[in-house]
Amino acid sequence: MSKSLPYSVKDIHYDNAKFRHRSPLKVFSQSLLTLGTKRKYASCSTGKFLILILFFGVACLMLMSKSPNESVLNEKGKVTFVGGLRLGRLLRKPPRLPPRLSPDEGQLRGSSTNGSTIDPKWAARQQSVKEAFDHAWSGYRKYAMGYDELMPISQKGVDGLGGLGATVVDALDTAMIMGLDNIVSEAGSWVETHLLERISQKGQVNLFETTIRVLGGLLSAYHLSGGEQGTMNMTHVGPKPVIYLNIAKDLADRLLSAFTFSPTPVPFCDVILHESTAHPAPGGASSTAEVASVQLEFNYLSAISGDPKYSTEAMKVLAHIKTLPKTEGLVPIYISPQTGDFVGENIRLGSRGDSYYEYLIKVWLQQGAKLNSNFTYLHDMYIEAMKGVRHLLVRNSIPKGLVFVGELPYGSKGEFSPKMDHLVCFLPGTLALGATKGLTKEQALKENLLSFEDLENLKLAEDLAKTCFEMYEVTATGLAPEIAYFHTKDYSEDGLDGGNKSSMYANDIIIKPADRHNLLRPETVESLFVLYRITKDTKYRDQGWQIFEAFEKYTKVKSGGYTSLDDVTEVPPHRRDKMETFFLGETLKYLYLLFGDDSVIPLDKFVFNTEAHPLPIRNT
Ligand code: DMJ
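Last residue of the sequence shown: number 620 in UniProt numbering, and the count goes up by one each step with no gaps.
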């Protein structure tokens, strides 16, 4: 059990006066003072008196008004409604928000809707990604249809995720976005014919993996196939949206047992689908990232089904984590469903920690990111955590000074480890998104929407994206290892470079033998995609293309599919015989979007769940 950590700093104070928000109370009192001072110099005319009355009236209205929709979770997890004066809220600096545009999602596939012409070079590259997706799918459908994953070398399927045909559901919305109607039909009809039965018969599944891949895939398919009337329809083939919705509800009803069986708001990590029961992991604890990365999906399901129970259960987790002690906003990677407390002191943004931070900002964005929203606490937690990252986890390598995010395996009092999982490469994209809220950097700057924290986070995003790309560039295959270490003044190891001697970072990045595999992961291309959309810097597209070419060269399996690798530092690399579902769900989707038009799944109207399934942002 973890020993208590110091309580986190709860209030965020921007250091830069330019971004300091003035509360209505302060505006009013300052106005009174100003008027009072002026009175010394001029007699009080009737006009001035009327202005004073008007000001006073408006201020009173602001202080007394209540919002009928304001609700909070009490300690027992029940939703209660609150109204009246929320002084704390009035005094807190609200995040700066972009103006909400009216939804205009009519023509979101293929051609440009923003007047820009599509560069033929990038159109051709986008087409290559589409062909790669088709090749990946063809291997899967030939040898593994209905299994969770393809083993492309042995040409068979394997159920590594509980047997719900995870690749089918993970790939479905990518096929919709790419306009691959034949794949949408095949995958859609498999879902319609088999998935409900599978869900009712299968045994143990992991709450998080099933939520992000299967539930998330179904929900995106629902939306992209026109589920919410009048918003969007990317496909005219495959099942009707209501089919996806009904299966999603059935699955989520069973997954809910992870929450209802737990004695605390922290869910158990495993669910027995056919029994609708749940139990903790063998060691007892759940991963922090896992319990805090199901909210986008459950919230959206509540919104479209009209049943609040999904959202209510999932949001209890974040409301609960808000109350726990943290280290400058950073949290240990394990949490106990039995006690509700964090377990151990291991802090990292790689495995088991990553998407906790991602969902803080994305859930806030999903809920409309409104001023005075009940979810502002998520933005506060996110800003505090990113400050903590910059303070405690970010270092520079030597000799060439790559910026990286390390780990604190024994908490902030213990030794710093210069280890960075490839998984951490989600962070540049999340930081950039959190800074501009999906707008371009240019627009956000022009409209003066970036706070000091946003600018710091954006800078870090760009630095880290470079490091993530160099993790590919430094190896003999041009593909990143699962884990890299960074050479610092306190840490070095000889003879463990990536095999590309011409990389200027060959001495900065250390790759240990056990960490040299590549699982076709998406995080770096995800960040390149988000950073390209936000900065419009074409270097991100060039880097994405370079990575795609390396995947083509070393992971493509002739008979169909793509495979993981055992060692990215040797050529030719030894292959690992597994095509992970996220290669179709995420990696190829992000590459396709990176080379395409910005109006397809715009970042200020959608959030991608942590498995790259886009869900619409609430616009009320
Ligand atoms: C995906 O399942 C998700 O992106 C998750 O958040 C982390 N790991 C994989 C991809 O690497």
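Heads up, the beta-carbon is just placed ideally off N, CA and C, and yes, glycines get one too.
Run the CB neighbour count on residue i, radius 10 Å, all protein chains shown included, and call it buried at 16 or more, exposed below.
i           : result
A444        : buried
L61         : Note that L61 scores 41 on pLDDT, short of 50, meaning its location in the model is unreliable; the coordinates nonetheless yield the value given after this. The residue in question, L61, is exposed, as its Cβ has fewer than 16 Cβ neighbours within 10 Å.
G217        : buried
W355        : It should be noted that the sequence gives Ser, not Trp, for residue 355. Looking at its Cβ environment, which holds 16 or more other Cβ atoms inside 10 Å, S355 is buried.
M504        : exposed
S559        : exposed
A514        : exposed
G179        : exposed
A293        : Looking at the sequence shown, residue 293 is not Ala but Ser. Result: buried.
P399        : exposed
K316        : buried
D490        : exposed
A124        : exposed
K326        : buried
S262        : buried
H223        : buried
T193        : exposed
T174        : buried
residue 621 : For residue 621 there is no data in the structure shown, the boundaries of the chain being 1 and 620.
D119        : exposed
G283        : exposed
H487        : buried
D604        : buried
Q367        : buried
F606        : buried
S286        : buried
Do you know whose CA, among the options, lies nearest residue i's CA?
i    : options                   : result
E345 : M151, T339 and E407       : E407
G350 : G139, Y472 and I483       : I483
F582 : G401, I212 and Y491       : I212
M234 : G157, M386 and G226       : G226
K512 : K489, M471 and K536       : M471
D270 : A292, N206, V317 and K589 : N206
A612 : D597, G160 and L584       : L584
A319 : V424, L593, Y359 and C468 : Y359
Y434 : D421, Y357 and E473       : Note that residue 434 is Gly in the sequence shown here, rather than Tyr. Measuring from the Cα of G434, the nearest candidate turns out to be Y357.
I547 : I601, A480 and R516       : A480
A281 : Q367, L301, E415 and Y334 : Y334
A248 : E526, V214 and P263       : V214
V303 : K322, T264 and L219       : Checking the sequence, you will find Ala at residue 303 rather than Val. It is L219.
H236 : I199, G188 and S257       : G188
Q338 : D494, T260, L393 and D380 : T260
C425 : E523, Y485 and S412       : E523
I199 : N500, G162, D497 and K387 : G162
T610 : L458, A278, D421 and Q295 : Q295
V191 : N246, T563 and K459       : N246
May I ask you to report which of helix, strand or coil DSSP gives residue i?
i           : result
R533        : helix
R352        : coil
M232        : coil
E493        : coil
R395        : strand
R575        : strand
P614        : strand
G157        : strand
F595        : coil
G499        : strand
T277        : strand
D604        : coil
L150        : strand
K240        : coil
N619        : coil
S189        : helix
I118        : coil
I511        : coil
E75         : The predicted position of E75 is uncertain, since its pLDDT is 29 and thus under 50; no value can be drawn from it.
residue 622 : Summary: the structure shown does not reach residue 622, with the chain confined to residues 1 through 620, and so no result is reported for it.
K202        : coil
N374        : coil
L565        : strand
F404        : strand
K362        : helix
S262        : coil
Quick check: does the Cβ of residue i come within less than 6 Å of any heavy atom belonging to ligand 3?
i    : result
F582 : As far as ligands go, the structure on display features ligand 1 and does not contain ligand 3.
Enumerate, from N- to C-terminal direction, the unbroken beta strand (DSSP E) stretches of 3 or more residues contained entirely within the region 408-490. Runs found: 419-421 and 483-486.
Alpha helix (DSSP H) runs wholly inside the region 300-351, at least 4 long, in chain order: Those alpha helix (DSSP H) runs which fall completely within the region 300-351 and span 4+ residues are 309-323.
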